[in-house]
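A.B. asks: Quick one: this structure, given as structure tokens, is what I'll be asking you about.
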Amino acid sequence: EAAVTQSPRNKVTVTGGNVTLSCRQTNSHNYMYWYRQDTGHGLRLIHYSYGAGNLQIGDVPDGYKATRTTQEDFFLLLELASPSQTSLYFCASSGQVNQDTQYFGPGTRLLVL
Amino acid sequence: GDSVTQTEGLVTLTEGLPVMLNCTYQTIYSNPFLFWYVHYLNESPRLLLKSSTDNKRTEHQGFHATLHKSSSSFHLQKSSAQLSDSALYYCALSEGFASALTFGSGTKVIVLP
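Just so you know, the sequences run in chain order A and B. Following our numbering, the numbering of the first sequence begins with 1 at its first residue and continues without gaps. Following our numbering, the numbering of the second sequence begins with 114 at its first residue and continues without gaps.
Written as structure tokens, this is what we have:
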């Protein structure tokens with residue numbers, strides 16, 4: 001079973017704060033993804049990457065930056081957090097993009113006050 | 114762009130009854146891949162099943178779905194719901210190589226005794 005870990009699991013910050021969410025996968029997967037999950041909207045793709053140094057823009061990228069430092073590590077950065085970014089964030093990884101299973105991490109719950 | 118529509122936001126049913134969750138999609142790609150992911154409370158989303166060829170049924174854990182390109186649908190069905198099926202279900206679409214998944218808004222299923 002593929003392993004994806006996320007940290008922190010819970011985070012509270014204030015409006016305008018700086019937040020970094022971390023994700024690590026140990027499955028030698030090429031692709032990694034950041035999603036946010038909101039009631040009524042489901043899972044929405046923020047950014048994804050197909051290797052170290054690569055970044056692809058997802059469907060809801062505004063207000064988010066991301067960086068893939070190694071094959072294992074993918075970070076999501078909120079430099080000026082806003083209450084609209086309060087959400088449950090999931091990281092996922094897969095071997096290839098289209099047919100392969102995506103394996104999700106446990107999620108990070110972020111509250112922006 | 115691609116889109117996935119799940120018409121039911123919430124489905125409540127009694128244990129033992131059949132369940133069907135609707136999923137339709139829009140894409141210009143002629144050979145899309147469709148997926149159902151399930152998200153149990155306090156767990157990570159995980160793959161339930163994925164599409165095969167057109168009009169071929171795929172099954173897993175008592176659930177089944179058939180990709181119908183003629184109607185752009187990939188409905189999820191189970192003949193007899195169990196209490197443990199209570200979860201959030203996502204339909205997702207991949208249009209092909211080098212594209213990420215597009216998720217629907219999700220259907221929450223509550224199975225009552």
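A virtual CB, placed ideally from N, CA and C, is assigned to each residue, including glycine. Computed from a predicted model, the values in this text were never measured in an experiment.
1) Could you give the DSSP three-state label for SER116 of chain B: helix, strand or coil?
2) Measure from the alpha carbon of GLU79 of chain A to the alpha carbon of each residue in A:HIS41, A:LEU21 and A:GLN102, then state which is nearest.
3) Under 9 Å Cβ-Cβ, which residues of chain B neighbour TYR48 of chain A?
4) Say whether the segment 123-140 of chain B touches the segment 176-191 of chain B, bearing in mind that this needs 3 or more beta-carbon pairs closer than 8 Å, one atom from each stretch.
5) DSSP on SER197 of chain B, reduced to helix/strand/coil?
6) Could you tell me whether the Cβ of ALA200 of chain B comes closer than 9 Å to any Cβ of chain A?
7) Establish whether the CB of PHE176 of chain B and some CB of chain A are separated by less than 9 Å.
8) Is there a Cβ from chain A that is less than 9 Å from the Cβ of PHE187 of chain B?
9) Entirely within the segment 120-160 of chain B and at least 3 residues each: give me those beta strand (DSSP E) ranges in chain order.
10) To which residues does DSSP link PHE104 of chain A through a beta bridge?
11) Taking the CB atoms as reference points, tell me whether ASN10 of chain A and SER93 of chain A lie closer together than 9 Å.
12) What does the alpha-carbon distance come out to for the pair GLN25 of chain A and GLN56 of chain A?
13) Within a Cβ cutoff of 6 Å, which residues of the same chain sit near GLY129 of chain B, ignoring the five residues on either side of it in sequence?
14) Going by DSSP, what residues sit across from SER87 of chain A in a beta bridge?
15) Along the chain, where does the beta strand (DSSP E) containing VAL19 of chain A start, and where does it finish?
16) Could you tell me whether the Cβ atoms of LEU147 of chain B and LEU206 of chain B are closer together than 9 Å?
17) Roughly how many whole angstroms lie between the Cα atoms of PHE90 of chain A and LYS221 of chain B?
18) Rounded to a whole number of angstroms, what is the C-alpha to C-alpha distance between SER143 of chain B and GLU208 of chain B?
19) Using a Cβ-Cβ cut-off of less than 7 Å, give me the residues of the segment 153-176 of chain B that come near chain A, in sequence order.
20) Distance, Cα to Cα, TYR150 of chain B vs MET133 of chain B?
21) Go ahead and label THR15 of chain A buried or exposed: buried means 16 or more other beta carbons lie within 10 angstroms of its beta carbon, across all protein chains shown.
22) Would the beta-carbon of GLN6 of chain A fall within 9 Å of that of GLY105 of chain A?
23) Give the interface partners of SER218 of chain B over in chain A, defined as CB-CB distance under 7 Å, in chain order.
C.D. replies: According to the structure data:
1) In the second sequence, the residue the question calls residue 116 of chain B occupies position 3. It is a strand residue.
2) Counting from one through the first sequence, the residue named residue 79 of chain A turns up at place 79. If we check each option's Cα against that of GLU79 of chain A, A:LEU21 comes out closest.
3) Taking the first residue of the first sequence as position 1, residue 48 of chain A is located at position 48. The answer, in chain order, is ALA213.
4) yes
5) Your numbering for residue 197 of chain B matches position 84 in the second sequence. Of the three classes helix, strand and coil, the one that applies to SER197 of chain B here is helix, per DSSP.
6) For the purposes of this step, residue 200 of chain B is identified with residue 87 of the second sequence, where counting begins at 1. No, its Cβ sits nowhere closer than 9 Å to a Cβ of chain A.
7) In the second sequence, counting from the first residue as 1, residue 176 of chain B sits at position 63. For PHE176 of chain B, the answer is no, since every Cβ of chain A falls outside 9 Å of its Cβ.
8) In the second sequence, residue 187 of chain B corresponds to position 74, counting from 1. Cβ-Cβ to chain A under 9 Å: no for PHE187 of chain B.
9) 123-127, 132-134, 137-139 and 146-152
10) Within the first sequence, numbered from 1, the residue matching residue 104 of chain A stands at position 104. According to DSSP, which records beta bridges pairwise, PHE104 of chain A is partnered with A:ALA92.
11) The residue you call residue 10 of chain A lines up with position 10 of the first sequence. The residue you call residue 93 of chain A lines up with position 93 of the first sequence. Contact flag unset, no.
12) Here residue 25 of chain A is taken as the residue at index 25 of the first sequence, counted from 1. Here residue 56 of chain A is taken as the residue at index 56 of the first sequence, counted from 1. Computed Cα separation, rounded: 18 Å.
13) Along the second sequence, read from residue 1 onward, the residue named residue 129 of chain B stands at position 16. SER193.
14) If you number the first sequence from 1, residue 87 of chain A lands on position 87. BP columns for SER87 of chain A point to A:LEU110.
15) As a working note, residue 19 of chain A is residue 19 in the first sequence. Element bounds for VAL19 of chain A: 19-25.
16) Within the second sequence, residue 147 of chain B is the residue found at index 34, counting from 1. Within the second sequence, residue 206 of chain B is the residue found at index 93, counting from 1. Yes, they are a contact pair.
17) In the first sequence, the residue the question calls residue 90 of chain A occupies position 90. In the second sequence, the residue the question calls residue 221 of chain B occupies position 108. Between PHE90 of chain A and LYS221 of chain B, the C-alpha separation is close to 18 Å.
18) Within the second sequence, numbered from 1, the residue matching residue 143 of chain B stands at position 30. Within the second sequence, numbered from 1, the residue matching residue 208 of chain B stands at position 95. Pairing SER143 of chain B with GLU208 of chain B, the inter-Cα distance amounts to about 8 Å.
19) SER157, PRO158, ARG159 and LEU160
20) The count along the second sequence starts at 1 and reaches residue 150 of chain B at position 37. The count along the second sequence starts at 1 and reaches residue 133 of chain B at position 20. For TYR150 of chain B and MET133 of chain B, the distance between alpha carbons rounds to 15 Å.
21) Sequence index remark: in the first sequence, residue 15 of chain A carries index 15 (1-based). THR15 of chain A comes out exposed.
22) The residue labelled residue 6 of chain A in the question sits at position 6 within the first sequence. The residue labelled residue 105 of chain A in the question sits at position 105 within the first sequence. It is a contact, given that the beta carbons lie within the stated cut-off.
23) Looking up residue 218 of chain B in the second sequence gives position 105. Contact annotation for SER218 of chain B against chain A: GLY40, HIS41 and GLY42 [CB-CB distance below 7 Å, chain order].
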